[in-house]
DNA sequence: CAGGCCGGTCACCGGATGGTAACTAATTGA
DNA sequence: TCAATTAGTTACCATCCGGTGACCGGCCTG
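Spelled out as structure tokens, the structure:
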């Protein structure tokens, strides 16, 4: 008997998760979509991310062509702007759908306790959403 | 000036990725959807996964209510069947959409070299797809 | 001329994630 | 009696991802 076999190293979905599964990446994509598009703005919007990690995640998103990095002013206080690529924008749509699924899933499948714990962490599902 | 702030620990998308971002999980969901629903079948379909990891990932998917585990026969050679829950089924639809996005993204944004490397790894995009 | 703002880099560290190999129970068939 | 099948468990190990804190250059303001 033969089986069609599968391997994670060759799985498209695994590659996609590698691109956007990073701890802060969905949030970063969400923020950039909403014109929070400069390093400092992003940093201030995510108080718990470090500069190093933020830089890393931005570089990776750029390499994967989900965002672009544009140097507006190289001197002075530097100004650098990030934007979603077309591909990045279309992905963000899918992420939003998945988000809806998640909100629903948690509502249906999770116990009241879990929901309460959720609330305690101030995770307002619909707001701090991505 | 005030900013709405965001934190990964409270981000729904981060939770979703934690659920299905595991190295083998998209593949497992795909296989179970296609009635490759027993431990041994799954193992043989993913030659490079170890029993321990397969068990772990299955348990996690079960805890997150994406699959169910049903003991068909406890004695003999045991028989245990896994199935997608309703929630798991609806998620798999979204994963398939994301997959389409991925195939497209790789085609458009990646260089020819990367595509060639891809081919060398026998990653036939449309087939070993999830 | 010290300090702040901007957008980073660098060396180092720790915990989670994934992986290996050996071992388990219970039953059937040769 | 020995091997094979089923579906795991256990102890241990290695790698990687994310995180911390210090530091950088250049300009402007007090």
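Chains as they are written, first to last, in the numbering used here: chain D, 32 to 161; chain B, 32 to 161.
We put the CB at the ideal spot given by N, CA and C, even for glycine.
Review point. Which residue or residues does DSSP assign as beta-bridge partners of residue 104 (chain D)?
Key: D:110
**Study point:** Contact check, residue 39 (chain B) vs residue 54 (chain D), beta carbons under 7 Å
**Key:** yes
Point to revise | Three-way DSSP call (helix, strand, coil) for residue 97 (chain D) in this model | key: coil
Check your understanding: Which class does residue 69 (chain D) belong to by DSSP, given the choice of helix, strand or coil?
Key -> strand
Practice item. Give me whichever residues DSSP pairs with residue 115 (chain B) in a beta bridge. Key: B:98
**Study point:** Counted within 10 angstroms of its Cβ, other Cβ atoms place residue 45 (chain D) as buried (16 or more) or exposed
**Key:** buried
**Study point:** Local Cβ density within 10 Å of residue 90 (chain B), reported as buried at 16 or more and exposed below that
**Key:** exposed
Review point. Out of B:125, B:135, B:132, B:131, which has the shortest C-alpha to C-alpha gap to residue 131 (chain D)?
Key: B:125
Point to revise | Alpha-carbon spacing of residue 114 (chain B) relative to residue 63 (chain D), whole angstroms | key: 38 Å
Review point. Cα separation between residue 106 (chain D) and residue 48 (chain D)?
Key: 36 Å
Review point. Name the chain D residues whose beta carbon is nearer than 8 Å to that of residue 70 (chain B)?
Key: By Cβ distance, chain D contributes nothing, its closest Cβ being about 14 Å from residue 70 (chain B), past 8 Å.
Check your understanding: Which same chain residues, not among the five before or five after residue 56 (chain B), have their C-beta less than 7 Å away from its C-beta?
Key -> 88, 92
Point to revise | Beta-carbon proximity of residue 112 (chain D) to residue 98 (chain D), cut-off 7 Å | key: no
Point to revise | Range of the contiguous alpha helix (DSSP H) that encloses residue 43 (chain B) | key: 43–51
**Study point:** Three-state class that DSSP yields for residue 132 (chain D) in the structure shown
**Key:** helix
Exercise for review: Below 6 Å CB to CB, which residues in the same chain sit around residue 123 (chain B) once its five sequence neighbours on both sides are set aside?
Suggested key: 60, 64
Review point. For residue 77 (chain B) versus residue 37 (chain D), is the C-beta spacing smaller than 7 Å?
Key: yes
Check your understanding: Using a C-beta to C-beta distance shorter than 8 Å, which residues of chain D count as neighbours of residue 128 (chain B)?
Key -> 125, 128
Exercise for review: Output yes if chain B places a C-beta closer than 7 Å to the C-beta of residue 58 (chain D); else output no.
Suggested key: yes
Review point. Using CA coordinates, which residue listed in B:133, B:109, B:52 is at the minimum distance from residue 95 (chain B)?
Key: B:52
Practice item. Return the CA-CA distance between residue 135 (chain B) and residue 108 (chain B), expressed in angstroms with no decimal places. Key: 44 Å
Check your understanding: In three-state DSSP terms, what is residue 59 (chain B)?
Key -> helix
Review point. DSSP state of residue 64 (chain D), grouped into three classes?
Key: helix
Review point. Does any residue of chain B bring its CB to less than 7 Å from the CB of residue 118 (chain D)?
Key: yes
Check your understanding: Can you find a CB in chain B that lies within less than 7 Å of the CB of residue 43 (chain D)?
Key -> yes
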